[in-house]
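Data block below; observations after.
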Amino acid sequence: MSQAYIVDAVRTPVGRRGGGLAGAHPVDLAAHVIRTLIGRNDFDPAMVDDVILGCLDTIGAQSGDIARIAALGAGLPESVPGVTVDRQCGSSQQAVHFAAQAVMSGTADIVVAGGVQNMSQIPLMSSVTAGEPYGATDPYSGSKTWTARYGGEEISQFRGAELIARRWNFDRSAMEAYALESHRRAVHALEQGYFDAEIEPFDGVAVDECPRPDTTAAKMAALPTLTPQGRLTAAVSSQISDGASGMLIASESAVNRFGLTPRARVHHMSVLGADPIMMLTAPIPATRRALVRCGLSIDQIDAYEVNEAFAPVAMAWLHDIGADPERLNPHGGAIALGHPIGATGTRLMTTLLHELECTGGRYGLQAMCEGGGQANVTIIERLG
Numbered sequence: 054m055s056q057a058y059i060v061d062a063v064r065t066p067v068g069r070r071g072g073g074l075a076g077a078h079p080v081d082l083a084a085h086v087i088r089t090l091i092g093r094n095d096f097d098p099a100m101v102d103d104v105i106l107g108c109l110d111t112i113g114a115q116s117g118d119i120a121r122i123a124a125l126g127a128g129l130p131e132s133v134p135g136v137t138v139d140r141q142c143g144s145s146q147q148a149v150h151f152a153a154q155a156v157m158s159g160t161a162d163i164v165v166a167g168g169v170q171n172m173s174q175i176p177l178m179s180s181v182t183a184g185e186p187y188g189a190t191d192p193y194s195g196s197k198t199w200t201a202r203y204g205g206e207e208i209s210q211f212r213g214a215e216l217i218a219r220r221w222n223f224d225r226s227a228m229e230a231y232a233l234e235s236h237r238r239a240v241h242a243l244e245q246g247y248f249d250a251e252i253e254p255f256d257g258v259a260v261d262e263c264p265r266p267d268t269t270a271a272k273m274a275a276l277p278t279l280t281p282q283g284r285l286t287a288a289v290s291s292q293i294s295d296g297a298s299g300m301l302i303a304s305e306s307a308v309n310r311f312g313l314t315p316r317a318r319v320h321h322m323s324v325l326g327a328d329p330i331m332m333l334t335a336p337i338p339a340t341r342r343a344l345v346r347c348g349l350s351i352d353q354i355d356a357y358e359v360n361e362a363f364a365p366v367a368m369a370w371l372h373d374i375g376a377d378p379e380r381l382n383p384h385g386g387a388i389a390l391g392h393p394i395g396a397t398g399t400r401l402m403t404t405l406l407h408e409l410e411c412t413g414g415r416y417g418l419q420a421m422c423e424g425g426g427q428a429n430v431t432i433i434e435r436l437g
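With our numbering, the residue at position 31 of the sequence shown is 84, and numbering never jumps.
Right, dumping it as C-alpha cells:
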C-alpha cells in the first residue's frame with residue numbers, strides 16, 4: 054500500500070479564553086495555518102486535492118463548512134474543495150486519518166488536514182443550546198432507541214471524568230499533583246522556547262497563553278469541586294481556549310514530483326469505541342489494539358501525546374498501559390496548554406512530531422478521548 058507522509062505541520066499559539074485570539078474570526082485562524090503550510094512548500098496550490106478540518110459547534114462564524122471557507126480565505130484556488138469533520142475532541146486527528154487514507158488509497162496526492170476552534174466566541178456545546186428553541190435540549194432526550202439501550206443516564210464529559218476518578222480511585226490530591234506537573238512542564242517549555250519552531254504567530258500573539266507559572270498546589274486545593282460530592286476541579290480540567298493547527302499530508306508520488314521533504318510517515322491509524330457513559334476511557338483499549346496491530350510494545354514508542362481532557366483520563370491510560378510517565382505529554386498537556394477542541398488533534402500531532410525531531414526518537418503515539426466513548430490512535434514514524 055502507498056505511504057502517507059507528513060510533509061509539514063504548524064499551529065497558531067493557543068489563546069486563553071478571552072485572550073489574544075478571542076476576537077479572531079475562526080475562518081481567519083484556519084486560513085492562517087493553511088496559508089503557512091502552502092507558502093513554505095514549493096508546489097502549485099491547485100494541486101491540493103482537499104482541505105479537511107475538524108471543528109465542533111459549527112454555528113455562526115464556524116458554520117457553512119468552515120474548511121471550504123478557510124481554504125478560500127487562505128487564497129487557495131476555487132477548485133480546491135474543503136470538508137469539515139466532527140469526531141468531537143478527536144476531530145482534527147480524524148482529519149489526518151481521512152487525509153492519510155485518501156493518499157494511501159491513491160485517490161488523493163496532497164491534502165491539508167487540521168482543525169480550528171474559537172471557544173471564546175462560540176462556547177462549548179453551543180450547537181446543543183442552539184436547538185433549544187426547537188425543543189431539542191440535547192442529542193439524547195426523546196430518542197427511543199437511545200433510551201432503550203442506555204436509559205436516562207446523564208451523559209457528559211464531566212460525569213465521565215468523575216466516574217473514571219472513582220473507578221481508578223484517583224483522589225483529588227493525586228489529580229492535582231498531575232495537573233501541577235502539566236503546568237510545570239509547559240512553563241519550562243515556554244521558557245526554553247521549545248514551541249517556537251511549531252508556532253506561526255497570529256495577529257501579534259506568538260506564544261501559548263494558557264500555562265500558569267504562578268499556580269501552586271495550595272491554589273489548586275482552594276478551588277471548589279465542579280459538583281458538590283465530586284473530586285474534579287477546574288485545576289484538573291483542560292482549559293477553554295482558541296486556536297488552529299494543520300498538517301500537509303502527501304503521497305510518495307507528490308513528494309517525488311514536487312521535491313517535497315517528508316518529516317514523518319503515518320505508521321498506524323485507527324479508531325475504537327467504548328462505554329459512552331464513562332465516555333473518556335476509549336484511549337486505553339484503542340491503544341492496546343493499535344500496538345497489537347503494529348506489532349509494537351509501548352516501550353518501543355519514544356513519546357506519547359494523550360489528550361488531557363481531564364487529569365484522570367491521562368492517569369488511567371498511564372496506569373493501564375504501563376507507560377513511562379516521562380514520555381507522556383513531555384511538555385505539558387491540555388490542562389496547561391489548553392484544548393481548542395477542533396484544533397487539538399493536529400496541535401498534539403504537531404508537538405509530537407517536533408518532539409521526535411528534537412530527541413531523535415522514531416515512533417510517536419497519539420490518543421484522544423472523544424464524545425460518544427471513542428478514541429483515535431495515530432502512530433507516526435519520524436524520517437531522516
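We put the CB at the ideal spot given by N, CA and C, even for glycine.
Q) Per DSSP, M300 forms a beta bridge with which residues? A) In the sequence shown, the residue the question calls residue 300 occupies position 247. According to DSSP, M300 bridges with A62 and A166.
Q: Helix, strand or coil for L344, going by three-state DSSP, please let me know.
A: Here the question's residue 344 lines up with position 291 in the sequence shown. Reduced to three states, the DSSP call for L344 is helix.
Q. Just curious, the alpha helix (DSSP H) that H150 is in, first and last residue?
A. Locating residue 150 in the sequence shown gives position 97, counting from the first residue. Where H150 is concerned, the enclosing alpha helix (DSSP H) stretches over S144 to S158.
Q | Test item: CB-CB of S298 and S145 under 8 Å | A | Position 245 of the sequence shown, counted from the start, is the residue given in the question as residue 298. Position 92 of the sequence shown, counted from the start, is the residue given in the question as residue 145. A contact, by the Cβ cut-off of 8 Å.
Q. Can you tell me whether DSSP reads G395 as helix, strand or coil?
A. Residue 395 sits at position 342 when you count from the first residue of the sequence shown. Helix at G395.
Q. How many angstroms separate the CA atom of G113 from the CA atom of R64?
A. Residue numbering aside, residue 113 sits at position 60 when the sequence shown is read from its first letter. Residue numbering aside, residue 64 sits at position 11 when the sequence shown is read from its first letter. Rounded to whole angstroms, G113 to R64 spans 23 Å at the Cα level.
Q) Which term fits G417, buried or exposed, when burial requires 16 or more other beta carbons within 10 angstroms of its beta carbon? A) Residue 417 sits at position 364 when you count from the first residue of the sequence shown. With 16 or more Cβ atoms within 10 Å of its Cβ, G417 is classed as buried.
Q.
Is the beta carbon of G135 closer than 8 Å to that of V80?
A. Sequence index remark: in the sequence shown, residue 80 carries index 27 (1-based). Sequence index remark: in the sequence shown, residue 135 carries index 82 (1-based). No, these two residues do not count as a Cβ contact at 8 Å.
Q.
Quick check on Y357: buried or exposed, where buried means 16 or more other Cβ atoms within 10 Å of its Cβ?
A. The residue you call residue 357 lines up with position 304 of the sequence shown. Flag for Y357 reads buried.
(Q) Does the structure place the segment 350-364 close enough to the segment 403-421 that three or more beta carbon pairs sit under 8 Å? (A) The segment 403-421 vs the segment 350-364: in contact.
Q: Give the range of the beta strand (DSSP E) segment to which S323 is assigned.
A: To locate residue 323, count along the sequence shown from 1; it is residue 270. Its beta strand (DSSP E) spans residues A317 to G326.
Q. Under the three-state reduction of DSSP, which class applies to Q427: helix, strand or coil?
A. Counting from one through the sequence shown, the residue named residue 427 turns up at place 374. Residue state, collapsed to three classes: strand.
Q: Return the Cβ separation of G107 and V86 in integer angstroms, given the expectation that the two are a contact with Cβ distance under 8 Å.
A: Taking the sequence shown and counting its residues from 1, one reaches residue 107 at position 54. Taking the sequence shown and counting its residues from 1, one reaches residue 86 at position 33. Contact flag wrong, Cβ pair sits at about 12 Å.
**Q.** Spatial neighbours of H321 in its chain, beta-carbon cut-off 6 Å, leaving aside the 5 residues before and after
**A.** As a first step, residue 321 is located in the sequence shown; it is residue number 268 there, counting from the start. The residues are A343, C347 and I432.
Q. Would DSSP call N360 helix, strand or coil?
A. If you number the sequence shown from 1, residue 360 lands on position 307. N360: coil per DSSP, three-state reduction.
Q) If you draw a straight line from the C-alpha of E379 to the C-alpha of A367, how long is it? A) As a first step, residue 379 must be located in the sequence shown, where it is residue number 326. As a first step, residue 367 must be located in the sequence shown, where it is residue number 314. About 13 Å.
**Q.** 6 Å CB neighbourhood of A232 in its chain, flanking five on each side removed
**A.** Taking the sequence shown and counting its residues from 1, one reaches residue 232 at position 179. Result list for A232: A288, V289, A364 and I388, in chain order.
Q: Mind checking which residues open and close the alpha helix (DSSP H) that includes V80?
A: As a position in the sequence shown, residue 80 is number 27, starting the count at 1. Per DSSP, the unbroken alpha helix (DSSP H) holding V80 starts and ends at P79 to G92.
Q: Could you please give the first and the last residue of the uninterrupted beta strand (DSSP E) stretch that includes G213?
A: Within the sequence shown, the letter at position 160 stands for residue 213. It is not in any beta strand (DSSP E) - G213 instead sits in the alpha helix (DSSP H) that spans Q210 to R220.
(Q) Need the endpoints of the alpha helix (DSSP H) that T200 sits in, please. (A) Within the sequence shown, residue 200 is the residue found at index 147, counting from 1. K197 to Y203 is the extent of the alpha helix (DSSP H) around T200.
Q) Tell me the DSSP bridge mates of C422? A) Locating residue 422 in the sequence shown gives position 369, counting from the first residue. In DSSP, C422 forms a bridge with A428.
Q: Could you round the C-beta distance between A428 and A339 to whole angstroms and report it? I think they count as a contact, below 8 Å.
A: Counting from one through the sequence shown, the residue named residue 428 turns up at place 375. Counting from one through the sequence shown, the residue named residue 339 turns up at place 286. Right, their Cβ atoms sit about 4 Å apart.
Q. DSSP puts L381 in a beta bridge; with which residues?
A. One-based indexing of the sequence shown puts residue 381 at position 328. According to DSSP, which records beta bridges pairwise, L381 is partnered with Y357.
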